[in-house]
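Worksheet for the structure shown next.
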Amino acid sequence: MSSSARRSHDSTRRWPKRAIALFALVVIGVYSLVFFTGDKTASPKLGIDLQGGTRVTLVPQGAEPTREQLEDARNILENRVNGMGVSGASVVVDGNTLVITAAGDDTSQVRNIGQTSQLLFRPVLENPTADPASVEQTLLDTATTWVELGVMPKEQAQLAINQVFAPQTEGEEEAAEAPQLEATPLPEPNGPVEASERRQEVAEALRATRQSTDPTQQFAAMALMQGSCLLQTVDPLAGSDDETLPLVACDPSRGQVLLLDEVPLLAGVTDPDGPRLTGEQIDTGRQITGGPNIQTGQMEINFAFSQEGQFNGSQTWAQLTSAMIGQQIAITLDSQIISAPVIQGSTPVGSATSITGQFTQEEADSLANNLRYGALPLSFAGENGEPGGTAMTVPPSLGLASLQAGIYAGLVGILLVALFVFAYYRLFGLISLFTLAAAGVLVYGALVLLGRWIGYSLDLSGIAGLVIGIGTTADSFVVIYERIKDEVRKGKTFRSATASGWERAKETIVTGNMVTLIGAVIIYMLAVGDVKGFAFTMGLTTVFDLLVTFLITAPLLILASRSAFWSKPAVNGMSKAFAVGEHNRAASQTKVDAAAAEAAAHDPRPVAHVESEEA
């Protein structure tokens, strides 16, 4: 044997032990990171369906958002999370939605985080004067649209119309008979797509009726809103109003409907599309507080406008308050008036100002926090238009029950697998179970690190992906085992069959895993919500299956083939395969002997020829 052949033989012989040693180093490296970095605990981050908590889904309203807008919104929400001190909360972009998750069963804090908080400053205008000739038809058309779209009930709209045509004083002659509303609400949307289209339709209709420049249309909108203003908790526009147009808005604290002017441009700006006086002009670097004013007895939010840039909010506010002494300036939060103070005097440039209103301490704290960390660049609602987002809360007890059920199911599954492998593979089943354990150890450490590094939370869908992925590891063992059996049936020795069987199985295993991995990647890219978690863990375990197969499964099988004990048919479960192999070897030998005898019959020197061949 040449030196190169000898080196190749030695390398092949040593490969199984080297592969196992490499896998051991990988496991040691993973768990060194687990126990010596971060919080140094070996607990994976669990999703809310396993530990209990709240998930709030925020859907952008209006036009399709850009990736930059979603990232800006995510950063602002993260700052709010940190500012509120909500423990265990995270904010992620999921497609075109934002998802806030937090441990615990209190939804109020998480809902507050998701409020859009679009703060605008609008001068209050005088009530409009309607055109008597067209007011009836305009009022009826507006009411019909609102009733059909579900903005207000038919009875409430009819009552508002009756109030318009009712006598204003006791001595006044009877007014014209109020028109009767014939509108009926449209059927409920069928599915999320139709629901989204309906919300868009509602927003467009409200902008057309409540942000019209026509005095008659303004009058009609104010008349219809008057009856429900006192009870309104959330404005249907929810922060999607146009800053460049007037707005009919409600002040629920006073039950008053006001006509507001467009949001003023910053002082010195002439471009109609230029920056305006919004919450974005608030100086978040200065102290923003919310709480009771001892002198007035009202809740008060104190803040200051920014002085940065040539055109800034502080200068604009100073000019606006100087020009509007004795007049009202309405401050709207998500299209709804939260305060409409009468300006008593001008505010100097750089000075702080305040918002007073009928707030609770919690509302004042929430508003101050939202102002402190900035207004969102988008208007958000829930999947069905709910203010603050769609919240799903899982009590901690239910989460614990789900976790326990998952653990019990896993243990039962492992027990059934163990019974099967011992029945089919005999003691060789120990190798199969060991590979599953090795894959589980590696996956567990990876989940701990991923939860620490990228915030990945393991949920029930992720566990389903893990089960399928680890099942792939068991399948890889089966593929190798069956290939070894095929080689044994051909009459090869167990040692030779193991080596050649592994060579045959290698390509099949790699191909199968690559198909699974591609599928997992595609699902992860296209899916949303829980399906992403399923695809992620399935892809992760598929990658680890290749690692375990090449570094543990195959090396262990090759080492076992070199052992007289593991080569016994009663131990490796290949009794039938060995019997077939013996039969095939005997048949092959019979054919060889017959061929030799036939050759000897036709050869004049058969003995010498045969001896020469054997030599």
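Read left to right, the sequence shown gives residues 436 to 1050 (the working numbering). No residue lacks a Cβ here, since even glycine has one placed at the ideal position from N, Cα and C.
**Request:** Name the residue from R509, T580, T933 and D769 whose alpha carbon lies nearest to the alpha carbon of I535.
**Result:** Nearest option by C-alpha distance: R509.
**Local conformation of L473 per DSSP, three classes** = Checking the sequence, you will find Gly at residue 473 rather than Leu. In the structure shown, G473 adopts coil according to DSSP, grouped into three states.
**Asked** Hey, how far is the Cα of G482 from the Cα of Q504?
**Response** Between G482 and Q504, the C-alpha separation is close to 26 Å.
**Status (buried if at least 16 other CB within 10 Å, exposed otherwise) for Q652** = By the C-beta density criterion, Q652 is buried, having at least 16 other C-beta atoms within 10 angstroms.
**Asked** Which term fits Y891, buried or exposed, when burial requires 16 or more other beta carbons within 10 angstroms of its beta carbon?
**Response** In summary, Y891 is buried, with 16 or more beta-carbon neighbours lying within 10 Å of its beta-carbon over all protein chains present.
**Message:** I'd like the span of the alpha helix (DSSP H) that includes V923, first residue to last.
**Reply:** For V923, the enclosing alpha helix (DSSP H) stretches over residues L895 to R924.
**Prompt:** Name the DSSP bridge partner or partners of T767?
**Reply:** Here T767 is bridged, per DSSP, to L555 and I772.
**Message:** On the CB-based measure, 16 or more other CB atoms within 10 Å of its CB, does Q796 come out buried or exposed?
**Reply:** By the 10 Å Cβ count, Q796 comes out exposed.
**Request:** Output the distance between the C-alpha atoms of V978 and Y843, rounded to the nearest integer angstrom.
**Result:** One C-alpha to the other measures close to 26 Å.
**Message:** Only counting the same chain, and skipping five residues up and downstream in sequence, which positions put a Cβ closer than 7 Å to that of F738?
**Reply:** Cβ neighbours of F738 beyond the five flanking positions: I717, I723, A787, T788 and L806.
**Item:** Bounding residues of the beta strand (DSSP E) (the contiguous stretch that carries V978)
**Value:** V978 -> not in any beta strand (DSSP E); alpha helix (DSSP H) instead, spanning D965 to V983.
**Prompt:** Rounded to a whole number of angstroms, what is the C-alpha to C-alpha distance between P500 and W937?
**Reply:** Using only the alpha carbons, I get a separation of about 52 Å.
**Request:** Look at the alpha carbon of P451 and the alpha carbon of K941, and state the distance between them as a whole number of angstroms.
**Result:** Whole-angstrom Cα-Cα distance: 15 Å.
**Prompt:** If you follow the beta strand (DSSP E) that R490 is part of, which residue opens it and which one closes it?
**Reply:** First-last of the beta strand (DSSP E) with R490: G488 to P495.
**Request:** Spell out a yes or no on whether the region 678 to 688 and the region 760 to 774 are touching, meaning 3 or more CB-CB pairs, one atom from each, closer than 8 Å.
**Result:** Touching, per the Cβ criterion.
**Request:** Using 10 angstroms around the beta-carbon of S663, count the other beta-carbons present and answer buried if the total reaches 16, otherwise exposed.
**Result:** It counts as buried.
**Exposed unless 16 or more other CB atoms sit within 10 angstroms - verdict on R634** = Result: buried.
**Message:** If you follow the alpha helix (DSSP H) that D686 is in, where does it begin and where does it stop?
**Reply:** From DSSP, D686 is part of no alpha helix (DSSP H) but of the beta strand (DSSP E) over L682 to D686.
**Item:** Contact under 8 Å by Cβ, A955 with A970
**Value:** Against a cut-off of 8 Å, the Cβ pair of A970 and A955 comes out as a contact.
**Asked** DSSP beta-bridge partners for Q691?
**Response** In DSSP, Q691 forms a bridge with D686.
**Request:** Assign K452 to one of three DSSP states: helix, strand, or coil.
**Result:** If DSSP states are grouped into helix, strand and coil, K452 belongs with the helices.
**Asked** Cα separation between V1042 and Q1024?
**Response** Confidence at V1042 is low in this model, with a pLDDT of 49, below 50, so its placement is unreliable and the value that follows should be read with caution. The straight-line gap separating the alpha-carbon atoms of V1042 and Q1024 is approximately 19 Å.
**Asked** Buried or exposed: which applies to S996, given that a residue is buried once 16 or more other Cβ atoms fall within 10 Å of its Cβ?
**Response** Counting Cβ neighbours within 10 Å, S996 comes out buried, since at least 16 surround it.
**Request:** Check whether the Cβ atoms of L666 and L621 sit closer than 8 Å, and answer yes or no.
**Result:** No. Outside cutoff.
**Asked** T791 to Q615, Cα distance in whole Å?
**Response** Between T791 and Q615, the C-alpha separation is close to 41 Å.
**Item:** G792, enclosing beta strand (DSSP E) - first and last residue
**Value:** Where G792 is concerned, the enclosing beta strand (DSSP E) stretches over A787 to G792.
**Prompt:** Shortest alpha-carbon distance to D696 belongs to which of Q661, Q762, A595 and A456?
**Reply:** Between D696 and the set Q661, Q762, A595 and A456, the nearest pair of CA atoms involves Q762.
**Request:** With a cut-off of 8 Å on the beta carbons, I'd call I987 and T907 a contact; round off their distance for me.
**Result:** Not a contact, Cβ separation roughly 14 Å.
**Burial state of P563 (16 or more Cβ within 10 Å)** = The residue is buried, with at least 16 neighbouring Cβ atoms inside 10 Å.
**Where T604 falls, given that 16 or more other Cβ within 10 Å makes a residue buried** = With a pLDDT of 49 at T604, under the threshold of 50, the modelled position of this residue cannot be trusted; read the value that follows with caution. Answer is exposed; the Cβ neighbour count stays below 16.
**Asked** Considering only residues of the same chain and omitting the five flanking positions on each side of E1049, which have a CB-CB separation below 8 Å?
**Response** Any reading at E1049 is ruled out, since the residue's pLDDT is 39, under 50, leaving its predicted position unreliable.
**Prompt:** Is it right to say T679 is buried, meaning 16 or more other beta carbons lie within 10 angstroms of its own, or is it exposed?
**Reply:** With fewer than 16 neighbouring CB atoms inside 10 Å of its own CB, T679 falls in the exposed class.
**Message:** Using a Cβ-Cβ cutoff of less than 8 Å, which residues in the same chain neighbour T619 once the five nearest sequence positions on both sides are dropped?
**Reply:** V582, E583 and K589, listed in sequence order.
**Request:** Within its chain, find whatever has a CB closer than 6 Å to the CB of D965; leave out the 5 residues flanking it on each side and keep chain order.
**Result:** Residues S896 of the same chain have their beta carbon placed closer than 6 Å to that of D965, with the five preceding and five following residues left out of the count.
**Prompt:** Could you give the distance in angstroms between the alpha-carbon of A655 and the alpha-carbon of P558?
**Reply:** Computed Cα separation, rounded: 20 Å.
**Asked** CB-CB under 8 Å to P710, same chain, minus the five flanking residues each way: which ones, in chain order?
**Response** These residues qualify, in order along the chain: L700, L701, V704, Q716 and F746.
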